[in-house]
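Encoded as structure tokens, the structure appears first; notes follow it.
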Amino acid sequence: MPGLVRAALREPVYLGAIAAGKAVFGALDLTVRSTGSEHLPRTGPVVLASTHVSFPDFLYVGDALLGTGRLVRFLSRGDVWSSAPVGQAMDAMRHVPVDRRAPAAAYLRARGLLREGEVVCLFPEAGISAAYVVRALMPGAVALARETGAPLLPVNVWGGQRLWGQKRSLDAPFPRPLV
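Quick note on numbering: the sequence shown equals residues 410 to 588 in the working numbering.
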């Protein structure tokens, strides 16, 4: 993990977020298993297209790549930035807000990150699947890979819905974590 430490030292907020994520996993006694990180190129731009079954899916994707020495820049719902401290942390980690009414800005920012050689992760289902089947995919991940020449790697996340999944009906309140 020395490469990750070097990368994270240049980005102390990201290093803190990784430590916090690890603390949450430990406090909840979660075992996170992953395979396939050897397919991630060691350098250069990469587009990750991940399934989305729970709110903390970004934690699982990021955790799976810790051993690669690469940090992941996530595209995330724009309303996450509505809290000033959270928004500042997201900006410091170079994550990308997505405004669903005007998604072009997120696309352009993600394209810029890829041109810098970053790993960018999108959730092309554009939300959490309440039925736990892959929903129709938005074209952004494919378009970014095609335009930048970055490899497009599929990522499948499963199990997080048992911790904190989506609401079961449109009029139901958002669920709280099951801890």
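Every residue gets a Cβ at the ideal spot worked out from N, C-alpha and C, and that includes glycine. Because the structure is a prediction, the values reported are computed rather than measured.
Beta strand (DSSP E) containing residue i: first to last residue?
i: L531; result: V528 to L531
i: A458; result: V455 to S459
i: L482; result: Before going on, a small fix: residue 482 reads as Arg here, not Leu. Where R482 is concerned, the enclosing beta strand (DSSP E) stretches over V481 to R486.
i: V517; result: What sits at residue 517 in the sequence shown is Leu, not Val. Not the beta strand (DSSP E): L517 falls in the alpha helix (DSSP H), residues A513 to R524.
Are the beta-carbon atoms of residue i and residue j separated by less than 8 Å?
i: A384; j: P533; result: What the structure shows of the chain is the stretch from 410 to 588, and residue 384 is not part of that stretch, so it cannot be assessed.
i: T557; j: R524; result: yes
i: G487; j: D508; result: yes
i: A535; j: M547; result: yes
i: A514; j: L531; result: no
Work out the CA separation of residue j and residue i for me, nearest whole Å.
i: G430; j: Q497; result: 17 Å
i: V433; j: L468; result: 10 Å
i: W573; j: P465; result: Since pLDDT at W573 reaches only 49, below the 50 mark, its modelled position is unreliable, and no value is offered.
i: I427; j: G435; result: 12 Å
i: A493; j: Y516; result: 23 Å
i: R555; j: V455; result: 11 Å
i: Y423; j: L437; result: 21 Å
i: G445; j: V470; result: 11 Å
Cα-Cα, which of the options is closest to residue i?
i: R451; options: L553, V528 and V551; result: V528
i: L553; options: G526, I537 and R544; result: G526
Self-check item: At least three beta-carbon pairs within less than 8 Å, the segment 449-464 to the segment 547-566
Solution: yes
With three or more C-beta pairs closer than 8 Å as the rule, is the segment 497-514 touching the segment 478-489? yes
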